[in-house]
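Read the structure below first, then the notes.
Numbering (this note's numbering), first residue to last: 289 to 617.
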C-alpha cells in the first residue's frame, strides 16, 4: 500500500480550511494564554495539592494537544499549501506535529481526567486511605507513567509507514515539478496490514475512548450522589450549630462540584469522537456500510474542533466555581 501525501485525501477541505486554517489557530492561542494562567495559579505554593497537580497536568496536556499541530495548520491551511501535494521536507513535520504528538498528549489528557475523578472519589469515600495514596509525589509518578504509556501506545505509528521523496508535476503549477512525499507501508506492516490496523484502532477505541468515558460516567454519577448525601449531612450540622464542620463540608462539596463540571465538559466533547471512531472501525472491520468515508472525516474534524474548543473553558470553570482560584488570579 503506497500513495502520495495530499491533504485533500485526508481532510474534507470545505470544512478543514476554515476550521484548521482560521478558527483553530485562534482557539489554540486562547488555550495557550488560559492554560498558562491555570498552571501558574495552581502551582503557587498555597495552591499546591494532589488535585491541583492533576489539573495542572491536564492543562499542560491540553495546551500541547492544541499547540503541536499549529505549525501544520498555519503552513497547510492558513497559507493555502493544501492545494498541492505535501512537500517531502514537510512530511515528517506533518506526521510528527499533526498526528503523533497531539495524539500522545490527548491520550495523556484523557487518562489524567480519569485519574482526577478516581482521586476525588477516594478523597470523599475513603478519606483515611486518601492521605496515604493521594499525595503530590504519587501524582507526579502517576503522571509520568501515564505519559510513558501514552507514548508506547503510539510507538508503532512512528514506524509503520516509510516516507520517500518523489519528483512529480505540481498540481497547482503543472509546468513545475515538486519533491513530493510517497507513503509506503513497511514490509512487516504490509504483510499484516488488516491485523495491524484492527489491533491499533480497536486498542484506541477501547482503552483511550470507551473504557475511560464509561468509567467517568459512573464516577461522575457516584460523585453527584455523594454530594447529595454530604449536603444533607451539612444541613444536619447547621441545625446542630456546628458551623466549622459545616463550612469544611461546603468547601469539599464546592471542589467536588467543580471537578464534576470539568469531567462533564470532557465527556460532552469526547463521547461523540469515541462513537464516530467505533462506527468507523465497525464499518472497516466488518464491511458494513454505515456512511461514506467523507462523512466520517467531516464528523471527526468537527468533533476534534469541539474538543479544542473545550480546552480554554476549563479556565472559566475554575474561575466561576473556585473562590481560591479567583483570588489567586
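Glycine included, every Cβ here is placed at the ideal spot set by N, Cα and C.
Closer than 6 Å by C-beta to residue 347: which residues in its own chain qualify, once you throw out the five before and the five after it? Chain order, please.
323, 326 and 327
Tell whether a beta-carbon distance below 8 Å holds between residue 385 and residue 359.
yes
For the beta strand (DSSP E) that contains residue 585, what are its first and last residues?
Counting along the chain, residue 585 falls outside any beta strand (DSSP E), though it belongs to the alpha helix (DSSP H) covering 581-598.
If I follow the unbroken beta strand (DSSP E) through residue 455, where does it start and stop?
449-457
Excluding the 5 residues preceding and the 5 following residue 477 in the sequence, name in chain order all residues of the same chain whose CB lies nearer than 7 Å to its CB.
448 and 484
So what does residue 291 bridge to, in DSSP terms?
471
Please confirm whether residue 591 and residue 564 have their CB atoms less than 8 Å apart.
yes
Give the secondary structure of residue 318 by DSSP, where H, G and I count as helix, E and B as strand, and everything else as coil.
helix
At the level of alpha carbons, what is the spacing between residue 546 and residue 331?
18 Å
If you count every other CB in all the chains shown that lies within 10 Å of the CB of residue 619, and 16 or more means buried, which is it?
Here the chain covers residues 289 to 617 and nothing more, so residue 619 does not appear.
When 357, 433 and 390 are compared against residue 378, the one with the closest alpha-carbon
357
When you compare only the Cα positions, how much space is there between residue 544 and residue 599?
19 Å
Reducing DSSP to helix, strand and coil, say where residue 466 ends up.
strand
Proximity below 8 Å, CB of residue 313 to CB of residue 361:
yes
Would residue 481 be called buried (16 or more neighbouring beta carbons within 10 Å of its own) or exposed?
exposed
Would you check if the segment 482-501 and the segment 460-470 touch, i.e. whether three or more CB-CB distances between them fall below 8 Å?
no
Report the option in 431, 388, 417 and 589 whose CA atom is closest to the CA atom of residue 404.
431
Within its chain, find whatever has a CB closer than 6 Å to the CB of residue 472; leave out the 5 residues flanking it on each side and keep chain order.
290 and 450
Residue 458 versus 376, 354 and 573, residue with shortest Cα-Cα distance:
376
In whole angstroms, what separates the C-alpha of residue 581 from that of residue 336?
47 Å
Reference residue 371, options 388, 302, 418 and 424, closest by Cα:
302
Selected residue, minimal CA-CA separation from residue 297, among 408, 373, 495 and 434
373
Residue 497: buried (16+ other C-beta within 10 angstroms of its C-beta) or exposed?
buried
Residue 587 to residue 595, Cα distance in whole Å?
12 Å
Taking its Cβ as the centre, do 16 or more other Cβ atoms sit within 10 Å of residue 446, making it buried, or is it exposed?
exposed
Sequence-distant residues of its chain with Cβ nearer than 8 Å to residue 305 (five each side left out)
365 and 370
Shortest alpha-carbon distance to residue 352 belongs to which of 466, 294, 583 and 389?
389
How many angstroms separate the CA atom of residue 568 from the CA atom of residue 584?
7 Å
Inspect the beta-carbon positions of residue 354 and residue 315 and report whether they are closer than 8 Å.
yes
Please determine, among 400, 516 and 442, the residue with the shortest C-alpha to C-alpha distance to residue 426.
400
If you check the beta carbons only, do residue 494 and residue 549 fall under 8 Å apart?
no
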